[in-house]
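Residue 204 in the UniProt record's numbering sits at position 204 of the sequence shown, with consecutive numbering throughout.
What follows is a set of notes on a single structure, which appears directly below.
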Amino acid sequence: MNNLSAIDLNLLVVLDALLAERHVSRAALRLNKSQPAVSHALGRLRLLLDDPLLVRRGGRLEATPFARSLAPELAAILGQLQELLETPGFDPATARRTFRLAMSDYGATLLLPRLIRMLRKDAPFCDLVVGQAGREVMQSQVIEGEIDLALGVFPERRVDICDQVLFREEFICVADKGHFPESADINLDRYLACDHILVSLHADSASANEIEAALGRLGAFRRNVVIVPHWSLAVDLVRGTDLILTVARSIVPAPDHLDGLFVFAPPFDIPSFAFRQIWHQRRDSDPAHLWLRQMVAGLLAD
Numbered sequence: 001m002n003n004l005s006a007i008d009l010n011l012l013v014v015l016d017a018l019l020a021e022r023h024v025s026r027a028a029l030r031l032n033k034s035q036p037a038v039s040h041a042l043g044r045l046r047l048l049l050d051d052p053l054l055v056r057r058g059g060r061l062e063a064t065p066f067a068r069s070l071a072p073e074l075a076a077i078l079g080q081l082q083e084l085l086e087t088p089g090f091d092p093a094t095a096r097r098t099f100r101l102a103m104s105d106y107g108a109t110l111l112l113p114r115l116i117r118m119l120r121k122d123a124p125f126c127d128l129v130v131g132q133a134g135r136e137v138m139q140s141q142v143i144e145g146e147i148d149l150a151l152g153v154f155p156e157r158r159v160d161i162c163d164q165v166l167f168r169e170e171f172i173c174v175a176d177k178g179h180f181p182e183s184a185d186i187n188l189d190r191y192l193a194c195d196h197i198l199v200s201l202h203a204d205s206a207s208a209n210e211i212e213a214a215l216g217r218l219g220a221f222r223r224n225v226v227i228v229p230h231w232s233l234a235v236d237l238v239r240g241t242d243l244i245l246t247v248a249r250s251i252v253p254a255p256d257h258l259d260g261l262f263v264f265a266p267p268f269d270i271p272s273f274a275f276r277q278i279w280h281q282r283r284d285s286d287p288a289h290l291w292l293r294q295m296v297a298g299l300l301a302d
């Protein structure tokens, strides 16, 4: 066996996860690392310890006798190191950490300006990286450890994902006063006869959105002549057109800022939806992560 001084602590952490999981992908998820990185670490460990450590039998990985002999002591040593190095709580004023979030521009419009101001004030050494993706991709990013927190509408969630409802959202319609006087009676028939703007991240999945689903239950259909991925831009696209935008209420400016537009309730029932933040259960007790979740929830409480 090679000298153990050649093995760094990170390799021992990987070995502990591999022995616990007996599966490279699950170990990678547990460690918040990529699968290739864990596979590479396993290769290094095999060379350094001169033992295969994990061997494939019957379609699964099994620990070698040498690896099994290491497991109890390794877990105990790493546990002691964790206790030694662990700092109680999380001090945002001095902490240095990068938080990685994912959300649509709907969530970004509602949250980011306030979140950034709060971070600069209360956690000046923490960095923020924000990405955008569809619902399924964001859930995968949470599971794989690529992001800390995802915000959005997630009707179906994995059992290993934790979530918190931040608020419930309703839909409202926006139209241009020049083409639709505020006093106009826009009933369902007239609504369906008009052309529409739809906000959808992917044009090919537009038929699966909440509005089309509600119309489908009525056996009705509308024509979406403009499909855009940007919630924050959608309201301005209505100006000077005969198009109707049906959109989440929170994205529509206050009445005194509508400037030539007016809003009205949809002439059919569209169920409200829950806007959530989701995270993997392995992050649940992380003090820094808990602090971030509480900040997000507080900023969106209104």
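C-beta: ideal position from N, C-alpha, C; glycine also.
Close-in-space but distant-in-sequence residues of the same chain around residue i (CB under 8 Å, 5 per side omitted)
i, result
"residue 313", "The chain is shown from 1 up to 302; residue 313 falls before or after that span and cannot be answered."
"R157", "Q139, D163, I278"
"Q141", "A102, G131, A133, I147, A150"
"R30", "A17, A20, E21, R282"
"T94", "F125"
"V13", "L31, L78"
Element boundaries [beta strand (DSSP E), containing residue i]
i, result
"R227", "Checking the displayed sequence, the identity of residue 227 turns out to be Ile instead of Arg. Start and end: 223-228."
"V247", "244-248"
"R100", "98-102"
Sequence-distant residues of its chain with Cβ nearer than 6 Å to residue i (five each side left out)
i, result
"F125", "R96"
"L4", "With a pLDDT of only 49 at L4, under the threshold of 50, the placement of this residue in the model should not be trusted; the figure read from the coordinates follows. For L4, where only same-chain residues beyond five positions count, there are no Cβ hits under 6 Å."
"A37", "none"
"L201", "G134, P229"
Residue j beta carbon less than 9 Å from that of residue i
i, j, result
"A28", "A20", "no"
"D195", "D242", "yes"
"residue 326", "G131", "Residue coverage of the chain in this structure runs from 1 to 302, which leaves residue 326 outside it and unanswerable."
"V174", "L245", "yes"
"I161", "A102", "no"
"I197", "F264", "no"
"E210", "I143", "no"
"F275", "L300", "yes"
"D176", "V225", "no"
"D50", "P92", "no"
"L188", "A220", "yes"
"G240", "G178", "yes"
Distance between residue j and residue i (C-alpha atoms, nearest Å)
i, j, result
"H40", "L11", "10 Å"
"S250", "L110", "8 Å"
"L9", "R283", "21 Å"
"E169", "W231", "14 Å"
"L218", "Y106", "27 Å"
"I116", "A63", "47 Å"
"R222", "P267", "13 Å"
"R22", "L70", "14 Å"
"E73", "G43", "21 Å"
"A17", "A75", "9 Å"
"L119", "R293", "13 Å"
"D127", "F99", "6 Å"
"G89", "L166", "24 Å"
"R135", "L233", "20 Å"
"residue 318", "V199", "Past the edges of the chain, shown from 1 to 302, lies residue 318, and the structure says nothing about it."
"P52", "R46", "5 Å"
"F262", "I227", "21 Å"
"V129", "H289", "14 Å"
"A108", "H280", "21 Å"
"A184", "R190", "10 Å"
"R56", "E212", "49 Å"
"G59", "A193", "59 Å"
"E287", "I186", "Here residue 287 is Pro; the residue named in the question, Glu, does not match the sequence. Those two C-alpha atoms are separated by around 51 Å."
"I113", "V247", "Going by the sequence as given, residue 113 is Pro instead of Ile. Rounded to whole angstroms, P113 to V247 spans 21 Å at the Cα level."
"F66", "L15", "12 Å"
"L54", "L81", "25 Å"
"E260", "S104", "Looking at the sequence itself, residue 260 is Gly, so the reference to Glu does not match. If you take the alpha carbons of G260 and S104, they lie about 27 Å apart."
"W291", "N32", "20 Å"
"V159", "R68", "30 Å"
"V137", "G298", "26 Å"
"S285", "P155", "24 Å"
"L258", "G216", "30 Å"
N- and C-terminal bounds of the alpha helix (DSSP H) containing residue i
i, result
"I211", "210-217"
"D189", "188-193"
Neighbourhood of residue i by C-beta distance below 7 Å, restricted to the same chain and skipping five residues each side
i, result
"S34", "A28"
"E182", "F262"
* To do: Please go through the region 112-184 and give each complete beta strand (DSSP E) segment of 3 or more residues, from N-terminal end onward.
  => 127-131, 149-152, 161-169, 171-176
* **Sequence ranges, beta strand (DSSP E) only - wholly within the UniProt domain "HTH lysR-type" (7-64), length at least 3** => Qualifying beta strand (DSSP E) stretches, in chain order: 54-57, 60-63.
* **Every unbroken beta strand (DSSP E) within the region 226-300, with a cutoff of 3 residues, ordered by chain** => 244-248, 261-264, 273-280
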